[in-house]
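The numbers in my numbering rise by one with no breaks, and the one at position 130 of the sequence shown is 130.
Every residue gets a Cβ at the ideal spot worked out from N, C-alpha and C, and that includes glycine.
See structure below.
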Amino acid sequence: MADEDSTAAPLYQGSCLCGAIRYEARAEIKAPSHCHCGMCQKAHGAAFGSYGNVPVGSFAFTRGADLVKRRDSSPGVTRSFCPECGSPLTWHSAHGEAAAWMSFSLGTLDTPFVPKKALRSIHGDAVPAWHGGGAAREC
């Protein structure tokens, strides 16, 4: 008889900085990327936010779900974070094909993740000057 675990979807676990919120993703991480848009820079306090994507149904908060704070950062786009430590957790769009996917901050993973290829950069025109990009921009 085949080992059932050998065909199971990968399990990735993650948490916020303070540990009050934990999550799991039970699917292969798709399209990992670095987003340089102004909103991701503000949300992460960095030159970019790094995200992985899994089908919405395979992502779940396993501890502290009642603590998770959500904010609409633009029409149809919701970001979540821990109100205790400020860790950015997820990004979800209600638009088109993106609605089927949950994007989560790769920096919050507790389980090792090795992408199959280099992470792609999106909104590269918004890379800040202090990180080797063009002229400084307003958000």
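| Item | Value |
| --- | --- |
| Through-space distance from Gly-132 to Pro-10, alpha-carbon basis | 36 Å |
| Stretch pair the region 79-91 + the region 105-112: three plus CB contacts closer than 8 Å | yes |
| The alpha helix (DSSP H) enclosing Val-43, as first and last residue numbers | Looking at the sequence shown, residue 43 is not Val but Ala. From DSSP, the alpha helix (DSSP H) with Ala-43 extends over 38-44. |
| N- and C-terminal bounds of the beta strand (DSSP E) containing Gly-57 | Gly-57 -> no beta strand (DSSP E), and no H or E assigned at all. |
| Residue closest to Gly-52, alpha-carbon to alpha-carbon, out of Leu-67, His-34 and Phe-61 | His-34 |
| Counted within 10 angstroms of its Cβ, other Cβ atoms place Glu-4 as buried (16 or more) or exposed | Low confidence applies to Glu-4: its pLDDT is 46, below 50, so where it sits in the model is not reliable, and the reading given next is rough at best. With fewer than 16 Cβ atoms within 10 Å of its Cβ, Glu-4 is classed as exposed. |
| Glu-97 - DSSP class collapsed to helix/strand/coil | helix |
| Where Gly-52 sits in the DSSP three-state scheme | strand |
| Buried or exposed (CB count within 10 angstroms, at least 16 for buried), His-95 | exposed |
| Under 7 Å between C-beta atoms of Val-68 and Ala-25 | no |
| C-beta atoms of Gly-175 and Ala-20 nearer than 7 Å | The chain is shown only over 1 to 139; residue 175 falls outside these bounds and no answer can be derived. |
| 6 Å CB neighbourhood of Ala-27 in its chain, flanking five on each side removed | Ala-9, Val-54, Pro-55 and Ser-58 |
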